[in-house]
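What follows is one structure encoded as structure tokens, with my remarks underneath.
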Amino acid sequence: GDSVTQMEGPVTLSEEAFLTINCTYTATGYPSLFWYVQYPGEGLQLLLKATKADDKGSNKGFEATYRKETTSFHLEKGSVQVSDSAVYFCARTISSGSARQLTFGSGTQLTVLP
Amino acid sequence: EAQVTQNPRYLITVTGKKLTVTCSQNMNHEYMSWYRQDPGLGLRQIYYSMNVEVTDKGDVPEGYKVSRKEKRNFPLILESPSPNQTSLYFCASSSTGGIINEQFFGPGTRLTVL
Numbered sequence: 316g317d318s319v320t321q322m323e324g325p326v327t328l329s330e331e332a333f334l335t336i337n338c339t340y341t342a343t344g345y346p347s348l349f350w351y352v353q354y355p356g357e358g359l360q361l362l363l364k365a366t367k368a369d370d371k372g373s374n375k376g377f378e379a380t381y382r383k384e385t386t387s388f389h390l391e392k393g394s395v396q397v398s399d400s401a402v403y404f405c406a407r408t409i410s411s412g413s414a415r416q417l418t419f420g421s422g423t424q425l426t427v428l429p
Numbered sequence: 429e430a431q432v433t434q435n436p437r438y439l440i441t442v443t444g445k446k447l448t449v450t451c452s453q454n455m456n457h458e459y460m461s462w463y464r465q466d467p468g469l470g471l472r473q474i475y476y477s478m479n480v481e482v483t484d485k486g487d488v489p490e491g492y493k494v495s496r497k498e499k500r501n502f503p504l505i506l507e508s509p510s511p512n513q514t515s516l517y518f519c520a521s522s523s524t525g526g527i528i529n530e531q532f533f534g535p536g537t538r539l540t541v542l
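The following block contains the structure:
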């Protein structure tokens, strides 16, 4: 079935460190891929997306590249800030039925220390 | 301001007492969805709706009902809540035109069933 697998957290980094959060997806259909971010006490917000292989999504210094050969969509940021502390969710569209349906990974808690 | 609103934000209830969580969006979106978020499980879809009077089950629909009588509203109904429905619930909406669009999430409703 359609699923995404994220690296388990929590992840704790110092400010200005390099961030990678791994995400892999099942190779069914031609999914669009997303990273959502959830700040404390809030709903999810779209961080970035990619709709086809080799696309790179980017926003707020975060990047992720749609890698079909490795079925991956890893999230990276060169220099994290305290304000990046949040839970990050990788998601993909499902390969059948409504194109609006998403399946989410389990989330990765990121804490950035000053 | 474009937004998805949910009410209540927090609710403590007892087993078997019917409750409704409201969701409303002001973006004229066709698609709306309900998710529950549980530790280690990420977000799981409960029900979704492609448009008025069109609803369908997601991954975990048991124990829930929904209705879509108006485009802007998509209430989640728990006819007889049980403790395993204690969770954080999110409503989301998106437009359906063009390529896949981002889902906009409400702030969440934290439900405790005693």
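Respectively, the protein sequence lines represent chains Y and Z.
First residue of the first sequence: 316, per this note's numbering; consecutive thereafter.
First residue of the second sequence: 429, per this note's numbering; consecutive thereafter.
In this text, a Cβ means the ideal position worked out from N, Cα and C, and glycines have one as well.
None of these values were measured; they are calculated from a predicted model.
Trp-350 of chain Y versus Glu-331 of chain Y: straight-line alpha-carbon distance, rounded: The alpha-carbon of Trp-350 of chain Y is positioned some 21 Å away from that of Glu-331 of chain Y.
8 Å Cβ cut-off: residues of chain Y touching Gly-444 of chain Z: In chain order: nothing, as chain Y lies at least about 29 Å away.
Thr-335 of chain Y, buried or exposed, once every other Cβ within 10 Å from all chains shown has been counted against 16: With a 10 Å radius around the Cβ and a threshold of 16 neighbouring Cβ atoms, Thr-335 of chain Y comes out exposed.
Beta-carbon gap between Gln-513 of chain Z and Gly-491 of chain Z smaller than 8 Å: A contact, by the Cβ cut-off of 8 Å.
Length of the line joining the Cα atoms of Ala-520 of chain Z and Tyr-340 of chain Y: In a straight line, the C-alpha of Ala-520 of chain Z is about 22 Å away from that of Tyr-340 of chain Y.
Three or more C-beta pairs below 8 Å linking the segment 446 to 457 of chain Z and the segment 502 to 512 of chain Z: Contact check between the segment 446 to 457 of chain Z and the segment 502 to 512 of chain Z: three or more CB pairs, one atom from each, fall below 8 Å, which counts as touching.
Chain Y within 8 Å of Leu-504 of chain Z, Cβ atoms only: For Leu-504 of chain Z, the answer is no, since every Cβ of chain Y falls outside 8 Å of its Cβ.
Asp-399 of chain Y in three-state terms, based on DSSP: If DSSP states are grouped into helix, strand and coil, Asp-399 of chain Y belongs with the helices.
Per-residue burial, Thr-543 of chain Z [other beta carbons within 10 Å of its own, 16 or more giving buried]: Nothing in the structure corresponds to residue 543 of chain Z, since chain Z is present only between 429 and 542.
Cβ shell of Ser-347 of chain Y (< 6 Å), same chain only, five flanking positions each side left out: Excluding residues within five positions, the ones whose Cβ falls inside 6 Å are Thr-366 and Thr-408.
Cutoff 8 Å: Tyr-438 of chain Z Cβ touching any chain Y Cβ: When Cβ-Cβ separations below 8 Å define contact, Tyr-438 of chain Z makes no contact with chain Y.
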